[in-house]
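Visitor: Input: one structure, supplied below.
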Amino acid sequence: MNSHSKVESRSGGTLVEIALGVLILAILALGASMLYHQSWGQMSVQRNRRAALTAANSRLEALRASGFADIEPPNEDYLVYFVAANGAVWQHGMSDPGETVQVNRRQHGIATTIAYVDADPSDMDATFDYLRARVAVGYRSADPADRVVLETLISP
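Spelled out as structure tokens, the structure:
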């Protein structure tokens with residue numbers, strides 16, 4: 064065998080092949096990490112949303128448990144009134160009282176509104192038939208899209 068001849072050996076990988084393999088593995092690891100992070104974030108948002116739904120439902124249950132006379136607005140009109148809980152007493156107002164509720168160890172706004180509803184507006188007696196109660200609770204930010212809203216109708 065000539066000492067100047069080259070021996071072709073394919074028993075190992077070249078540096079380029081190894082670098083390409085490491086690059087592909089790094090991209091896969093980064094993708095898996097990003098997927099895990101995204102899933103964790105969505106799970107956190109859904110946990111907060113469920114807690115906000117629970118808080119809104121609790122407020123609606125408290126309104127339903129109160130007597131109709133305790134929660135009805137001061138004037139029989141089509142205006143929407145904000146309602147704030149002060150112990151067992153419901154206080155009415157024309158502006159949001161700025162109540163907050165704890166949603167997973169963070170304070171978020173809760174707004175409760177009451178409005179009279181006339182089921183048959185063509186009726187000439189002008190009496191209101193029931194109340195529409197609406198509760199909105201934030202769960203992520205101050206953006207209105209990050210609120211849960213529950214409504215119910217309360218009859219006398």
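Position 50, counted from 1, in the sequence shown is what the working numbering calls 113; the numbers after and before it change by one each time, with no gaps.
Yeah, the Cβ is synthetic: ideal placement off N, Cα and C, and Gly gets one too.
Note that the structure is predicted; figures quoted are calculated from it, not measured.
(1) Give me the DSSP bridge partner(s) of residue 120.
(2) Confirm, please, whether the CB-CB distance from residue 176 to residue 144 is below 8 Å.
(3) Less than 8 Å separating the beta-carbons of residue 199 and residue 180?
(4) Roughly how many angstroms separate the alpha carbons of residue 138 and residue 206, rounded to a whole number?
(5) What number of angstroms, rounded off, separates the C-alpha of residue 83 from the C-alpha of residue 98?
(6) Note down the Cα distance separating residue 110 from residue 173, rounded to an integer number of angstroms.
(7) Using a Cβ distance threshold of 8 Å, determine whether the segment 155 to 173 contacts the segment 102 to 118, with at least three qualifying pairs required.
(8) Taking all protein chains shown into account, decide if residue 90 is buried (16 or more other Cβ within 10 angstroms of its Cβ) or exposed.
(9) Taking residue 105 as the reference, which of 216, 219, 203 and 218 has the closest Cα?
(10) In this structure, does DSSP put residue 203 in helix, strand or coil?
(11) Of the residues 88, 80, 216 and 162, which one's Cα is nearest the Cα of residue 118?
(12) Please classify residue 134 as buried or exposed, where buried requires at least 16 other C-beta atoms within 10 Å of its C-beta.
(13) Rank 158, 193, 208 and 210 by C-alpha distance to the C-alpha of residue 219 and give the top, closest one.
Guide: Let me spell this out:
(1) Its beta-bridge partners do not exist; DSSP assigns none.
(2) yes
(3) no
(4) Taking the straight line joining both Cα atoms gives about 31 Å.
(5) Using only the alpha carbons, I get a separation of about 23 Å.
(6) 17 Å
(7) yes
(8) Classification for residue 90: exposed.
(9) 203
(10) The answer is coil: DSSP assigns residue 203 none of H, G, I, E or B.
(11) 162
(12) buried
(13) 193
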